[in-house]
Amino acid sequence: MNRQELVNLIKEKQSYLCVGLDTDIQKIPKHLLSHADPVFAFNKAIIDATKDLCVAYKINTAFYESMGMRGWESLQRTIEYIPEGIFTIADAKRGDIGNTSTQYAKTFFETYKFDSVTVAPYMGKDSVTPFLQFSEKWAILLGLTSNEGSQDFQMQQIGDEFLFEKVLKAGMEWGTPENLMFVVGATQSSQLGYIRKLVPDHFFLVPGVGAQGGSLEEISTQAMNKDCGLLVNASRAIIYAGNGDDFATDARRVAKQYQVEMAGYLNKMVAAV
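Using the UniProt record's numbering, you'd call the opening residue of the sequence shown number 1 and step up by one each time.
In structure tokens form, the structure reads like this:
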């Protein structure tokens with residue numbers, strides 16, 4: 001999916017919601033465990049309930065890799081079931097030397113046909129650029145994350161800059177707003193406005209809304225740009241909103257709340273232009 005298609009999708013659906021399919025087999029409703037593929041059965045129901053409300057699905061591959069071949073099969077079924085025209089993210093946080101990164105890129109872009117993959121920048125340019133060689137595919141570079149450990153390196157000052165600022169500036173040289181996004185955690189609200197000024201045109205993938213306490217209002221008012229420029233991810237708050245037979249209905253209810261709120265911020269953006 002190219003940038004204009006993504007922008008058009010956001011406008012059409014009045015949403016920049018990304019639903020995280022971080023499916024833990026220990027947390028899904030018990031009645032699904034009788035299915036041949038319980039994880040896919042759960043994902044299918046969530047997708048059916050939310051596909052008109054979101055513009056993206058993010059699959060955290062760790063939840064699938066941990067189950068071995070069975071998990072990879074669930075991932076394959078899930079990515080194939082997501083309707084065409086919805087942006088897909090492999091949250092795999094890959095990052096290795098060039099030849100290895102090329103193979104990772106082929107894994108997620110060619111074998112599994114994701115639109116994007118999250119990439120760790122620690123090993124530098126040659127670990128990232130292989131992901132940028134695929135037409136209408138995206139690398140989503142870890143910029144400033146929500147976790148407590150972000151203080152260990154990302155928030156360390158080097159000269160007159162924080163390390164995360166150097167990562168953002170380098171990323172903008174490696175890729176373009178057409179093929180590179182940045183992960184910016186929702187709980188880093190004090191930095192969002194500054195980061196948007198530093199990175200005016202690129203999309204941000206913003207995790208941390210819902211269960212992690214990030215504020216959709218703060219994200220939207222501080223980090224939205226003229227094209228919206230945001231994919232706001234909610235995982236547990238949506239997919240585990242309920243745990244009974246009607247879990248998908250509960251998931252839809254929460255996703256709808258996000259979508260309605262997002263539509264309001266998008267309308268304000270249009271009015272301000």
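Quick reminder that beta carbons are idealized off the backbone N, C-alpha and C, glycines included. Owing to the predicted nature of the structure, the values given are computational and were not obtained by experimental measurement.
In this structure, how does DSSP classify D126 when only helix, strand and coil are distinguished?
On the sequence shown, position 126 is the one that residue 126 refers to. D126: helix per DSSP, three-state reduction.
For R246, name the three-state secondary structure that DSSP assigns.
For the purposes of this step, residue 246 is identified with residue 246 of the sequence shown, where counting begins at 1. According to the sequence as given, residue 246 is Asp; it is not Arg. Of the three classes helix, strand and coil, the one that applies to D246 here is coil, per DSSP.
Alpha carbon to alpha carbon, how far is N2 from L230?
Indexing the sequence shown from 1 puts residue 2 at position 2. Indexing the sequence shown from 1 puts residue 230 at position 230. In a straight line, the C-alpha of N2 is about 15 angstroms away from that of L230.
With a cut-off of 8 angstroms on the beta carbons, I'd call L192 and Q156 a contact; round off their distance for me.
Taking the sequence shown and counting its residues from 1, the one referred to as residue 192 is at position 192. Taking the sequence shown and counting its residues from 1, the one referred to as residue 156 is at position 156. L192 to Q156, Cβ: 19 angstroms. No contact.
Between R236 and A120, what straight-line distance do the alpha-carbon atoms span, to the nearest angstrom?
In the sequence shown, residue 236 corresponds to position 236, counting from 1. In the sequence shown, residue 120 corresponds to position 120, counting from 1. About 23 angstroms.
Helix, strand or coil: which one does DSSP assign to T111?
Within the sequence shown, the letter at position 111 stands for residue 111. It is helical.
Rounding to the nearest angstrom, what Cα-Cα distance links V260 and A251 in this structure?
On the sequence shown, position 260 is the one that residue 260 refers to. On the sequence shown, position 251 is the one that residue 251 refers to. Looking at the two C-alpha atoms, the distance is approximately 14 angstroms.
With which residues is V117 paired in a DSSP beta bridge?
To locate residue 117, count along the sequence shown from 1; it is residue 117. Answer by DSSP bridge pairing, in chain order: A90 and A139.
Taking DSSP as the reference, what is the three-state secondary structure of F162?
For the purposes of this step, residue 162 is taken as the residue at position 162 of the sequence shown. In the structure shown, F162 sits in a strand (DSSP, three-state: E or B).
If you count every other CB in all the chains shown that lies within 10 Å of the CB of I158, and 16 or more means buried, which is it?
Translated into the one-based positions of the sequence shown, residue 158 becomes position 158. Counting Cβ neighbours within 10 Å, I158 comes out exposed, since fewer than 16 surround it.
Taking 8 angstroms as the cut-off, does the region 96-106 touch the region 62-82 (at least 3 CB pairs, one atom from each stretch)?
Short answer: they don't touch.
To which residues of the same chain is D201 closer than 6 angstroms at the C-beta, ignoring the five residues directly before and after it?
By 1-based counting over the sequence shown, the position of residue 201 is 201. Same-chain partners within the cutoff: P177.
Can you tell me which of the three DSSP states I82 falls into?
Reading the sequence shown from its first residue, position 82 is the one you call residue 82. DSSP places I82 in coil when its eight states are reduced to three.
Measure the C-alpha to C-alpha separation of A248 and S34 and round it to an integer number of angstroms.
As a first step, residue 248 is located in the sequence shown; it is residue number 248 there, counting from the start. As a first step, residue 34 is located in the sequence shown; it is residue number 34 there, counting from the start. Whole-angstrom Cα-Cα distance: 17 angstroms.
Quick test of your reading: G87 and A56, contact by CB under 8 angstroms. State the CB separation rounded to the nearest angstrom.
Working through the sequence shown from its first residue, we reach residue 87 at position 87. Working through the sequence shown from its first residue, we reach residue 56 at position 56. Here the sequence assigns Phe to residue 87, which means Gly is not the residue at that position. F87 to A56, Cβ: 4 angstroms. Contact.
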